[in-house]
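Take a look at the structure set out below.
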Amino acid sequence: MQKIHFVGAGSGAADLITLRGKSFLEEADIIVYAGSLVNPKLLDYAKEGCQIYNSAKMTLEDVLEVMIEGYEKGQKVVRLHTGDPCLYGAIREQMDVLDEKKINYDYTPGVSSFCGAASALNLEYTLPNISQSVIITRMEGRTPVPAKESIQSFAAHQATMVVFLSTGLLEELSKKLIEGGYTADTPAAIVYKATWDDEKTFVCTVGTLAQTAKENNITKTALMIIGDVVGCTNYDRSKLYDPEFTTEFREASK
26 MQKIHFVGAG SGAADLITLR GKSFLEEADI IVYAGSLVNP KLLDYAKEGC QIYNSAKMTL
86 EDVLEVMIEG YEKGQKVVRL HTGDPCLYGA IREQMDVLDE KKINYDYTPG VSSFCGAASA
146 LNLEYTLPNI SQSVIITRME GRTPVPAKES IQSFAAHQAT MVVFLSTGLL EELSKKLIEG
206 GYTADTPAAI VYKATWDDEK TFVCTVGTLA QTAKENNITK TALMIIGDVV GCTNYDRSKL
266 YDPEFTTEFR EASK
């Protein structure tokens, strides 16, 4: 069955795309890619003669026109999104139009940049007795955020927080985090272009986020990680691998 393929490009490095996603790129007659964020090295997988469109210069209507026209001509179409497109990927609005037009599509997940950021720091987001929840959010800027999802309200939980799309708002982010309940000396990190060749990481605190970014000329394409998991060494051992803990597969030691 012919389908339009939505593909998660991964967090940056070209070899972090899934095998399935890579095969779709290799077979594609048309690729529409998120040029402002997707690593252009991924386009090296495209075959000769593939038509490539940079969606950073297109509207939603432009993107849909290219995809639908290709589909109707029987061509293989890939919509290549950054990371995993379920996070800030704006895929639903595309899928809704395709649903209305009864056009078949599928969705291949990718490695999100929040996973790439953890790998850059060799960090685990969910450490026993430190944090067992991860809040993924963003600051309100030109794009609004629902009032019930304010940074302050999330900060009250003291869970691990990963903040997307907010590098230019770090002074305000620090202020809201502290208003919500984090202290100024709560550990934090800035990860620039996670898993790209020019990846950079900076460990700091909630109170020094803006200063750290300014000192290192980080103005975009970065994630902020907030919480005690950053740099943490004082956490409880996992019960799953504790010799005194019985599981479905292993009896506890006597």
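To convert, take the position in the sequence shown, counting from 1, and add 25; that gives the numbering used here. Idealized CB from N, CA, C, for every residue including glycine.
Taking DSSP's pairing of strands, which residues face residue i in a bridge?
i      : result
Cys229 : Ala213
Phe270 : For Phe270, which the question treats as bridged, DSSP gives no partner whatsoever.
Arg163 : Phe189
Ile250 : Val187 and Ala214
Gln76  : Ile55
Ile29  : Val102 and Tyr130
Using the three-state DSSP reduction, which class does residue i fall into: helix, strand or coil?
i      : result
Phe139 : helix
Leu195 : helix
Leu85  : helix
Asn104 : The identity of residue 104 in the sequence shown is Arg, whereas the question assumes Asn. Strand.
Thr43  : coil
Thr133 : strand
Gly35  : strand
Tyr70  : helix
Leu112 : coil
Glu224 : coil
Ile243 : coil
Leu152 : coil
Val63  : coil
Glu276 : coil
Gln236 : helix
Arg262 : coil
Val91  : helix
Gly205 : helix
Ser48  : helix
Ala181 : coil
Gln157 : coil
Ala219 : coil
Val122 : helix
Ser175 : coil
Would you kindly work out how many angstroms separate the C-alpha atoms of residue i and residue j, rounded to a whole number?
i      : j      : result
Gly166 : Gly193 : 9 Å
Met26  : Gly232 : 54 Å
Ala143 : Pro171 : 27 Å
Ala145 : Glu97  : 42 Å
Asn64  : Ala277 : 47 Å
Ile203 : Ala180 : 8 Å
Arg275 : Val255 : 32 Å
Asn154 : Thr226 : 25 Å
Ser48  : Val32  : 10 Å
Arg269 : Asn259 : Correcting the residue identity first, residue 269 is Glu in this sequence and not Arg. Going from the Cα of Glu269 to the Cα of Asn259 covers about 20 Å.
Tyr78  : Glu125 : 24 Å
Asp261 : Leu152 : 7 Å
Ala209 : Glu73  : 53 Å
Ser199 : Ala238 : 12 Å
Asp222 : Thr271 : 43 Å
Met92  : Ile161 : 30 Å
Ile176 : Glu118 : 25 Å
Glu86  : Asp267 : 55 Å
Ser156 : Glu94  : 48 Å
Thr246 : Lys82  : 18 Å
Leu44  : Glu240 : 39 Å
Asn11  : Ala53  : Past the edges of the chain, shown from 26 to 279, lies residue 11, and the structure says nothing about it.
Met186 : Cys229 : 14 Å
Thr244 : Ala235 : 10 Å
Leu123 : Leu112 : 20 Å
Glu90  : Asn147 : 42 Å
Tyr150 : Gln183 : 13 Å
Lys66  : Val88  : 21 Å
His30  : Leu190 : 25 Å
Cβ of residue i within 8 Å of any heavy atom in the ligand FAD?
i      : result
Ile116 : Only the bare structure without any ligand can be found here, which leaves the ligand FAD out of the picture.
Does any residue of chain D have a CB that is nearer than 9 Å to the CB of residue i?
i      : result
Gln183 : Chain labels in this structure do not include chain D; a single protein chain is all it has.
> Okay, do the stretch 48-57 and the stretch 99-118 touch, 3+ Cβ pairs below 8 Å being the bar?
Replying inline: yes
> Okay, do the stretch 208-223 and the stretch 244-251 touch, 3+ Cβ pairs below 8 Å being the bar?
Replying inline: yes
> Are the stretch 33-48 and the stretch 123-140 touching by the rule of at least three beta carbon pairs closer than 8 Å?
Replying inline: yes
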